[in-house]
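Structure first, commentary second.
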Amino acid sequence: MFFKRFLATISVVLLSLTGTQAAKITRSTNPECRVEVVGEISKGDSVVFESFADYLIVHNGESTSPSIVCLDSPGGSVLEGMAMAKFIIKNGVSTRILADKQCASICAIMFMMGNYRGDEVAGLSRRMHYTSRLGFHRPYLKINDARNYTSNDLESIYDLGIETIYEIFTVANQREPWGTAQMIEPELVQRMIATPSDEMFYVSTIEEATRWNIDIDGIQKNIKLGANHLQYACENALAYPVDLTSQLNGNDSVLGQAIFYFNPLNSYSVKKIATLPSAQINERTKIESNRAGYSNIGCEVQIFDQSVAICGYDESTGVRIGNCNDESGMRHYSKSIMLHPKTQLSTFALSDVSSDARRITRCHIYDASLKLTDREVCLQSVVMLVEKDVVIVRHFFTWPSGSRTVVDIEAAPYGQTSSAIRINGAKGKKSTVKNYSNCIANQTNNNFFCIPE
């Protein structure tokens, strides 16, 4: 095959970081894993990995679900990584990224192949801890600079790159076990190819993990149930077969990036979420989607100790989840599905999740002369509420010192672009400062508080 022949004549590393030391592939002492792959993936690693087959691949009488490989690698050789990825999907090996570990580049492709197989059950099985990092970028070639290349060499290099992409597409487009979705959704492949080789796209939000069927470990104990969680469970579940939740609902909606900005959100949508009945364990509740109107869109949601059961129908997209007319017709999900789609995974390390949406951002303060007086990384937590019949979106900004800046923005009827604003109790006004359009002017002390969009 040309692909392999050419590698024999030219020094090329694909999806690679510098270095040649092989990954450390061992039996794991961690009870969550059978085998661990640690370090840069290099030539010969796929053979070593497959030599662990008799130990790695086990069957519990129902499926291969105990066959778990834990990954901690920045990437490396695409040839070796692709061979390992194909082994993982073929043999029903589950994949994990443990707390504070990373899996990037070709390792991310390997991770996305995680699955389990049995005679009567099969499915995807890939989990990452909320403190871990899963990163994607496009393939690239690292060529020997000391060699002079002919036009034939350049044509061969080009063909090699195309064949590499083809190999990745072939693996990504395989169907999940006993399902209809691809192992890697086309939009995630698109983001990978769109990300330059010297950059990295990390899976970082609830909606990305939900849409791309990645389970998140470690967050259940951090969730305090509120009315908002029922709405988000329904919206995320109805969206995941179609698109990211924010994209399906509109990124300028309460379920999109606009939740973090200082423009007034739609008062009807905010009030609808803020006044839902409180979520109760084991209680089955009917929820109408924010997109419902001329179309019938909604769910029934039931929260258990370890999972969330949902059934529903979206007339606008044709998505049906389970069967609400059957007592046992609900589909079970990880509890992460109950969170706002734009909530960042990294925020779970900071405190309990009782707000609607959270992200790490950067807070800036300018004085009246537009001199920058403070700039820090901060936690932004957003809560939608109704106080004395006034619909409010409240933004809490927690600084590293523990102090807080609080911005209240009244929600407004559809199409209205201005509303009452208060910052730390003082009257405020939406403003633009230098390169920041997301600023609040404190009309008491004339300072400006800004965050990036």
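By the working numbering, the letter at position 164 of the sequence shown is numbered 146, and the numbering carries on one by one without gaps.
In this text, a Cβ means the ideal position worked out from N, Cα and C, and glycines have one as well.
As the structure is a computational prediction, the values presented were derived from the model and not from experiment.
Notebook entry, point to check: Can you tell which of 102, 353, 339, 269 has the C-alpha that lies nearest to the C-alpha of residue 365?
Noted result: 339
Note to self: For the beta strand (DSSP E) containing residue 95, name the first residue and the last one.
What the structure shows: Premise fails: residue 95 is in no beta strand (DSSP E) and is neither H nor E.
Note to self: With a threshold of 6 Å on Cβ separation, who are the neighbours of residue 27 within its own chain once the five nearest residues in sequence on each side are excluded?
What the structure shows: 4, 5, 62
Check: So what's residue 28 in DSSP terms, helix, strand or just coil?
Finding: helix
Checklist line | Assigned exposure category for residue 160 - 16 Cβ within 10 Å defines buried | finding: exposed
Item checked: Coil, strand or helix - residue 248 by DSSP -> strand
Notebook entry, point to check: How should residue 348 be labelled, buried or exposed, when 16 other C-beta atoms within 10 angstroms of its C-beta is the threshold for buried?
Noted result: buried
Check: If we count the other Cβ atoms within 10 Å of its Cβ and call it buried at 16 or more, is residue 260 buried or exposed?
Finding: exposed
Next item on the list: Output yes or no for whether 9 Å exceeds the beta carbon distance between residue 298 and residue 328.
Entry: no
Check: Does the distance from the CB of residue 162 to the CB of residue 100 come in under 9 Å?
Finding: no
Next item on the list: Per DSSP, which residues does residue 6 bridge with? Please list them.
Entry: 20
Notebook entry, point to check: Helix or strand or just coil, what does DSSP make of residue 209?
Noted result: helix
Checklist line | Neighbourhood of residue 178 by C-beta, 8 Å cutoff - its chain only, sequence neighbours within 5 removed | finding: 119, 120
Checklist line | Inter-residue Cα distance where the pair is residue 429 and residue 407 | finding: 14 Å
Check: Roughly how many whole angstroms lie between the Cα atoms of residue 293 and residue 43?
Finding: 30 Å
Next item on the list: Counting only the same chain and skipping the five closest in sequence on each side, list residues whose C-beta sits under 7 Å from that of residue 233.
Entry: 239, 240
Checklist line | Exposure of residue 106, with buried meaning 16 or more beta-carbon neighbours within 10 Å | finding: buried
Checklist line | Ordered list of alpha helix (DSSP H) runs contained in the segment 236 to 305, each at least 4 residues | finding: 249 to 256
Notebook entry, point to check: Just checking, does the segment 296 to 312 make contact with the segment 217 to 232 on the three C-beta pairs under 8 Å criterion?
Noted result: yes
Check: In three-state terms, what does DSSP make of residue 143?
Finding: helix
Note to self: Closer than 8 Å is the cut-off here; do at least three beta carbon pairs connect the segment 140 to 158 with the segment 209 to 219?
What the structure shows: no
Note to self: The alpha helix (DSSP H) that contains residue 60, what's its start and end?
What the structure shows: 60 to 73
Item checked: Simplified DSSP state of residue 158, which is helix, strand or coil -> coil
Check: Exposed or buried, which one is residue -16 when buried takes at least 16 other CB atoms within 10 Å?
Finding: Any reading at residue -16 needs caution, since the residue's pLDDT is 32, under 50, leaving its predicted position unreliable; the model's value is listed next. Flag for residue -16 reads exposed.
Note to self: Since residue 85 and residue 116 should fall inside the 8 Å C-beta cutoff, what is the C-beta to C-beta distance between them, to a whole number of angstroms?
What the structure shows: 5 Å
Next item on the list: Report the residue from 250, 280, 336, 307 whose alpha carbon sits nearest the alpha carbon of residue 392.
Entry: 250
Next item on the list: Can you tell me which of the three DSSP states residue 416 falls into?
Entry: coil
Item checked: Nearest-angstrom Cβ-Cβ length linking residue 72 and residue 114, presumed shorter than 8 Å -> The Cβ separation is near 25 Å, so there is no contact.
Margin query: Can you tell me where the alpha helix (DSSP H) holding residue 169 begins and where it ends?
Written below: 168 to 176
Next item on the list: Below 7 Å CB to CB, which residues in the same chain sit around residue 149 once its five sequence neighbours on both sides are set aside?
Entry: 64
Margin query: Between which residues of its own chain and residue -10 is the CB-CB distance below 6 Å, once the five residues before and five after are set aside?
Written below: Caution is warranted here: a pLDDT of 34 is assigned to residue -10, below 50, making its placement in the model unreliable, and the coordinate value is therefore given only provisionally. Result list for residue -10: empty, nothing under 6 Å.
Item checked: Rounded separation between residue -4 and residue 58 - CA only -> Because the pLDDT at residue -4 is just 47, under 50, the model does not fix this residue reliably, and the point stays unresolved.
Margin query: Using only the alpha-carbon positions, how far apart do residue 423 and residue 269 sit?
Written below: 38 Å
Item checked: Anticipated Cβ contact below 8 Å, residue 272 with residue 237, distance rounded -> 7 Å
Note to self: Rounded to the nearest angstrom, what separates residue 283 and residue 208 at their Cα positions?
What the structure shows: 13 Å
Next item on the list: Throw me the rounded Cβ distance for the residue 55 and residue 29 pair, which I believe falls under 8 Å.
Entry: Not confirmed; about 17 Å, so no contact.
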